[in-house]
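*Asks:* Just passing along the structure, written as structure tokens.
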Amino acid sequence: MSEQNHIAIEQEVQQWLENVVIGLNLCPFAAKPNRNKQIKIHLHTSQSEEALLEDIYQQLKMLDDTPVEQLETTLVVATELFGEFDDYNQFLDLVDALVFQCGYEGTYQVASFHPNYCFQGTHPEDAENLTNRSPYPIFHLIREASMEKVLKHYPDPEGIPERNIECVENLSEDEVKKLFPFLK
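In structure tokens form, the structure reads like this:
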């Protein structure tokens, strides 16, 4: 991948983070680390699932070895894999197993995003799927301690998913096109 393509993809992910995740307040915890430049966007450009799993492991180790003040969270972006959501969703089981096997359960969790994200029990065109749609397949590596710390001071954290669904359901067709230009 050329340096120009690499930069363009990082910018596209950053724009999605700022306009959708932060702009719509889908994750009320993302604005501060984004403002403080504590979110790493790591591009994985190989077509190998094994290499991606190793890369995710290395990114978890980096989080482990880096103070939270420097690095809060990492977005691992798979640029060449998982065109199909079902393949991505199955791979998530391997990522969860990796977290468990490495003893990171309770330390890190993985949030999932994909251009064709579809929650179980929904139809692909249902608006609520927009809450987890991103320009590329993304594995968001989250420090659980940071999440717990923020949740203690956030009113009604259990209501976040419902508020997010209501938010995206109320978007106009033009707003959806503007915020999600990567959707076909």
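So in numbering that gives the first Met the number 0, spot 129 of the sequence shown is number 128, and the numbers just go up one at a time. Note that CB positions come from ideal geometry on N, CA and C, so glycine has one too.
Touch check for the segment 69–86 and the segment 95–102: three-plus C-beta pairs under 8 Å?
*Replies:* no
*Asks:* Just the Cα atoms here: how many angstroms apart are Gln57 and Leu170?
*Replies:* If you draw a straight line from the Cα of Gln57 to the Cα of Leu170, it is about 38 Å long.
*Asks:* My assumption, with CB atoms under 8 Å, is that Pro136 sits in contact with Ala77. Please give the rounded CB distance.
*Replies:* Pro136 to Ala77, Cβ: 4 Å. Contact.
*Asks:* Name the DSSP bridge partner or partners of Ser133?
*Replies:* Note: Ser133 sits in no beta bridge, so no partner.
*Asks:* According to DSSP, simplified to helix, strand and coil, what is Ser171?
*Replies:* coil
*Asks:* Roughly how many angstroms lie between the CA atoms of Val20 and Phe112, to the nearest whole one?
*Replies:* Here the alpha carbon of Val20 sits roughly 11 Å from the alpha carbon of Phe112.
*Asks:* Hey, Glu9 and Ile55 are a contact pair by Cβ (cut 8 Å); roughly how many whole angstroms apart?
*Replies:* Rounded, the Cβ-Cβ distance is 18 Å, inconsistent with contact.
*Asks:* Only counting runs of 3 or more residues, tell me where the beta strand (DSSP E) segments fall wholly within the segment 4–65, in order along the chain.
*Replies:* 38–43
*Asks:* To the nearest angstrom, report how far apart Val175 and Phe118 are at their CA atoms.
*Replies:* Rounded to whole angstroms, the gap between the alpha carbons of Val175 and Phe118 is 18 Å.
*Asks:* Helix, strand or coil for Val94, going by three-state DSSP, please let me know.
*Replies:* helix
*Asks:* Just to confirm my understanding: we take Gln13, look at its own chain, exclude 5 residues before and 5 after, and list those with CB closer than 8 Å. What are they?
*Replies:* Ile40
*Asks:* On a CA-only basis, which of Gly82, Leu129 and Glu143 is nearest Gly105? Give me that one, please.
*Replies:* For Gly105, the nearest C-alpha among the options comes from Glu143.
*Asks:* Report yes if the CB atom of Leu182 is closer than 9 Å to the CB atom of Gly22, and no otherwise.
*Replies:* no
*Asks:* Just the C-alpha distance for Phe138 and Lys36, rounded to the nearest angstrom, thanks.
*Replies:* 18 Å
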